[in-house]
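Asks:
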Amino acid sequence: LHRESRGGSINKHLDAKKYVQYTVEQVEALERDYAECPKPSSLRWQRLIRECPILSNIEPKQIKVWFQNHR
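Here it is in structure tokens:
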């Protein structure tokens, strides 16, 4: 499949996306919390980050996306 890029806009869009590589420990922590609550509130994400040092380097928005993608 060939995509034609007009002015590099497709490439710029792909570069702008942030891909987060989770460690095994991070995934395990997220899955434990997901088992308890598949649709956590933003307060719960913040608590999860505070209480779980393994997740401290992940932005709350990325945790939200992880939960959405996991459903």
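Residue 274 is where the sequence shown starts when you use the numbering used here, and the numbers rise one by one after that. The C-beta atom is built at its ideal place from N, Cα and C for all residues, glycine as well. Predicted, not measured: the structure shown is a model, and the values here were computed from it.
Report the CB separation of I327 from E304 in whole angstroms; it is logged as a contact under 8 Å.
Replies: Within the sequence shown, numbered from 1, the residue matching residue 327 stands at position 54. Within the sequence shown, numbered from 1, the residue matching residue 304 stands at position 31. With a Cβ gap of about 12 Å, I327 and E304 do not count as contacting.
Asks: Is there a Cβ of chain C sitting closer than 9 Å to that of I327, yes or no?
Replies: No chain C is present in this structure, which holds just one protein chain.
Asks: Please state if the CB of L321 and the CB of A302 are separated by a distance shorter than 9 Å.
Replies: To locate residue 302, count along the sequence shown from 1; it is residue 29. To locate residue 321, count along the sequence shown from 1; it is residue 48. In contact: A302 and L321 (Cβ atoms closer than 9 Å).
Asks: Between T296, P313, Y292, which lies nearest to R344 when the distance is taken from Cα to Cα?
Replies: Locating residue 344 in the sequence shown gives position 71, counting from the first residue. Considering only alpha carbons, the answer is P313.
Asks: The alpha helix (DSSP H) spanning N342 covers which residue range?
Replies: As a position in the sequence shown, residue 342 is number 69, starting the count at 1. Start and end: 333–343.
Asks: K337 to E324, Cα distance in whole Å?
Replies: In the sequence shown, the residue the question calls residue 337 occupies position 64. In the sequence shown, the residue the question calls residue 324 occupies position 51. Distance between the alpha carbons of K337 and E324: 16 Å.
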